[in-house]
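>
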Amino acid sequence: MNIVSRAVHWFGLSSSWTGVDGIPNRVGEHLYYSGLSLLIAALIALPLGLFVGHTGRGAFLAVNSAGAARSLPTVGLVGLTVVVFGIGLTPTLLPLVALAIPPILVNTYAGVRQVDGQLRDAANGMGMKGWQVLFQVELPVALPLIILGLRTAAVQIVSTATIAAYVGLGGLGRYIFDGLARREYEVMVGGAVLSVLLALGTEALFVGIQRLIVSPGVRQRALAK
Amino acid sequence: MTWDWRWSWISDHYDLLGDLLGQHLYLSVLPVLFGLLIALPLGILCVQVPRLYAPVLALTSIFYALPSLALFVVLIDYTGFTGWTVIVPLTIYTLSVLVRNVVDGLRSVPEAVSQAATAMGFTGVRRILQVDLPVAIPVVIAGLRVATVSNISLVSVGSLIGISGLGQLFVDGIQRSFITPIIVGIVLTVVLAVLADAVLVGLQWLLTPWTRTQKSAKPIPEGVTA
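Taken in sequence, the protein lines are chains A and B. Be aware that the first sequence starts at 1, since it is given in the UniProt record's numbering, and climbs by one per residue. Be aware that the second sequence starts at 1, since it is given in the UniProt record's numbering, and climbs by one per residue.
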């Protein structure tokens with residue numbers, strides 16, 4: 001039997017769908033780690049990106065630290081936090097948060113930065129103050145790029161959260177590492193397929209969010225370019 | 001808290017570190033070369049036949065979203081526990097980043113340059129290879145830098161399923177709760193990424209002498225990812 005049909009067989013077993021090691025529970029765990037990491041990363045990177053973009057202060061640092069962060073090996077960070085803090089949820093979320101901050105930060109910064117200077121002037125001319133310019137003009141115009149940053153971060157988190165299972169956490173990576181340990185290759189492939197689907201679903205979700213919340217005027221501007 | 005940290009471990013394992021560094025470099029650079037070899041003709045094709053670009057872009061961005069660990073696992077059945085298990089997915093990632101940059105680069109060639117080239121008798125593929133592509137080099141290299149650095153970081157993931165490279169140090173450190181190899185591995189990975197990045201910057205400097213003699217070339221837009 002080839003690997004595809006073996007994996008299909010695994011998906012068909014009722015035992016694959018129940019209990020702690022069942023697909024619904026593992027998907028739930030995976031989404032929980034991913035969602036929590038994205039939330040923390042967004043709470044840090046969004047305000048920072050808006051600040052850096054709006055004031056122009058610290059731009060050099062923001063862009064370069066983001067570039068440097070890309071080279072940090074996540075597996076190494078997971079290992080480091082586990083050896084230093086022990087096994088647990090918080091230390092394992094740390095590398096995921098670290099992974100997600102750069103794309104959100106850089107895209108938020110770049111989005112605000114690239115807002116047409118004339119728009120800013122017009123807003124100032126209408127009597128808007130700094131905060132109002134930021135939230136009523138710069139933010140809506142920068143939204144497509146900001147959402148792209150969140151989407152990149154979310155997809156990377158969902159992809160990388162599989163690694164958390166290596167140090168004992170749950171999530172879809174469990175199938176990959178338990179399957180590897182027990183030489184149950186169909187379980188590994190099943191877990192891999194599920195994590196691919198989850199990543200693609202995340203991508204689709206953010207494309208949908210973008211359709212919903214980006215103002216039609218801004219969308220047309222983006223298209224016209 | 002005290003962590004198990006030994007300087008002596010480093011000097012005892014120079015040979016191992018050298019081997020792992022070499023394997024890591026091989027596994028991350030080869031995919032960049034393969035990716036470039038595929039992305040260049042594909043990008044040129046997309047510029048020539050604009051109808052193709054939207055579906056190609058959609059496909060590459062889907063590929064980019066695939067988790068590396070999942071791809072490695074699925075490939076094991078076909079490639080075994082060899083370097084190819086890592087090289088194939090990383091080539092796909094490189095391709096995802098580069099096709100967009102090749103097309104953007106070619107399209108960013110100023111109209112005046114294209115017209116001048118046409119007036120001088122350059123047409124079709126020859127104009128693309130000898131005029132447009134050189135002008136696009138900064139944008140293509142910007143993509144190569146992103147791909148190279150993230151490849152160097154991603155090779156480590158392969159070690160979780162038994163493919164060698166600096167990630168071996170992380171696996172070793174986690175299994176023995178021994179912090180030295182983990183820190184050495186992180187430092188070596190980052191240093192490797194910084195050096196590879198510097199090599200590409202140098203390459204761009206060598207390949208675009210005209211940007212230093214006149215102020216005609218546009219700077220690369222900085223910091224926009226994916």
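Backbone N, C-alpha and C fix where the C-beta goes; we use that ideal spot for every residue, glycine too. Remember, it's a predicted structure, so these values are computed and weren't measured experimentally.
Compare the C-beta of B:Asp-19 with all C-beta atoms of chain A and state if any pair is closer than 7 angstroms.
Here the question's residue 19 of chain B lines up with position 19 in the second sequence. No, because no Cβ of chain A sits closer than 7 angstroms to the Cβ of B:Asp-19.
> Beta-carbon within less than 7 angstroms of B:Val-146's beta-carbon, same chain only, minus the 5 sequence neighbours each way: which residues are those?
As a working note, residue 146 of chain B is residue 146 in the second sequence. Val-97, listed in sequence order.
> Mind checking B:Tyr-14: buried by the 16 CB within 10 Å criterion, or exposed?
Counted from its first residue, the second sequence places residue 14 of chain B at position 14. That one is exposed.
> With distances taken Cα to Cα, identify the nearest neighbour of B:Leu-71 among B:Arg-212, B:Ala-198, B:Val-171 and B:Thr-85.
Against the second sequence, residue 71 of chain B aligns to sequence position 71. Measuring from the Cα of B:Leu-71, the nearest candidate turns out to be B:Thr-85.
> With 16 other CB atoms within 10 Å as the buried threshold, where does A:Arg-216 fall?
One-based indexing of the first sequence puts residue 216 of chain A at position 216. The residue you asked about is not Arg; residue 216 of chain A is Pro in the sequence shown. Exposed.
> Mark A:Val-187 as exposed unless 16 or more other C-beta atoms lie within 10 angstroms of its C-beta, in which case mark it buried.
Numbered from its first residue, the first sequence carries residue 187 of chain A at position 187. A:Val-187 comes out buried.
> Could you pull the start and end residues of the alpha helix (DSSP H) that A:Met-188 belongs to?
By one-based count along the first sequence, residue 188 of chain A stands at place 188. Its alpha helix (DSSP H) spans residues 185 to 213.
> Does the count of Cβ pairs from the region 101 to 112 of chain A and the region 34 to 52 of chain A closer than 8 angstroms reach three?
The region 101 to 112 of chain A is in contact with the region 34 to 52 of chain A.
> Run through DSSP, which three-state label would B:Gly-105 get?
On the second sequence, position 105 is the one that residue 105 of chain B refers to. Three-state DSSP puts B:Gly-105 in a helix.
> Taking only runs of the alpha helix (DSSP H) that begin and end inside the region 28 to 89 of chain A, which ones reach a length of at least 4 residues, in chain order?
The qualifying runs are 59 to 70 and 74 to 85.
> Considering just the uninterrupted stretch of the alpha helix (DSSP H) at B:Phe-34, what are its terminal residues?
On the second sequence, residue 34 of chain B is found 34 positions in, with the first residue counted as 1. Where B:Phe-34 is concerned, the enclosing alpha helix (DSSP H) stretches over 14 to 48.
> At the level of alpha carbons, what is the spacing between A:Gly-88 and A:Ala-165?
If you number the first sequence from 1, residue 88 of chain A lands on position 88. If you number the first sequence from 1, residue 165 of chain A lands on position 165. For A:Gly-88 and A:Ala-165, the distance between alpha carbons rounds to 11 angstroms.
> Would you please state the rounded distance, in angstroms, between the beta carbons of B:Trp-3 and A:Val-167? I believe it to be under 8 angstroms.
Counting from 1 along the second sequence, the entry for residue 3 of chain B is found at position 3. Counting from 1 along the first sequence, the entry for residue 167 of chain A is found at position 167. About 16 angstroms separates the two Cβ atoms, so there is no contact after all.
> Are the C-beta of B:Phe-34 and some C-beta of chain A separated by less than 7 angstroms?
Taking the first residue of the second sequence as 1, we reach residue 34 of chain B at position 34. B:Phe-34 does not count as touching chain A.
> Which class does B:Phe-178 belong to by DSSP, given the choice of helix, strand or coil?
Numbered from its first residue, the second sequence carries residue 178 of chain B at position 178. Coil, per DSSP.
> Return yes when the Cβ of B:Ile-137 is within less than 7 angstroms of the Cβ of B:Thr-208, no when it is not.
By 1-based counting over the second sequence, the position of residue 208 of chain B is 208. By 1-based counting over the second sequence, the position of residue 137 of chain B is 137. Yes.
> Alpha helix (DSSP H) containing B:Thr-82: first to last residue?
For the purposes of this step, residue 82 of chain B is taken as residue 82 along the second sequence, with counting starting at 1. Note, B:Thr-82: premise wrong, no alpha helix (DSSP H); not H, not E.
> Where do the ends of the alpha helix (DSSP H) carrying A:Ala-161 lie?
Here residue 161 of chain A corresponds to residue number 161 of the first sequence, with the count starting at 1. From DSSP, the alpha helix (DSSP H) with A:Ala-161 extends over 139 to 164.
> How big is the Cα-Cα spacing for B:Leu-200 and B:Val-49?
Looking up residue 200 of chain B in the second sequence gives position 200. Looking up residue 49 of chain B in the second sequence gives position 49. B:Leu-200 and B:Val-49: Cα-Cα distance of roughly 30 angstroms.
> Got a sec: is the Cβ-Cβ distance from A:Gly-76 to anything in chain B below 7 angstroms?
Translated into the one-based positions of the first sequence, residue 76 of chain A becomes position 76. Yes, its Cβ sits closer than 7 angstroms to a Cβ of chain B.
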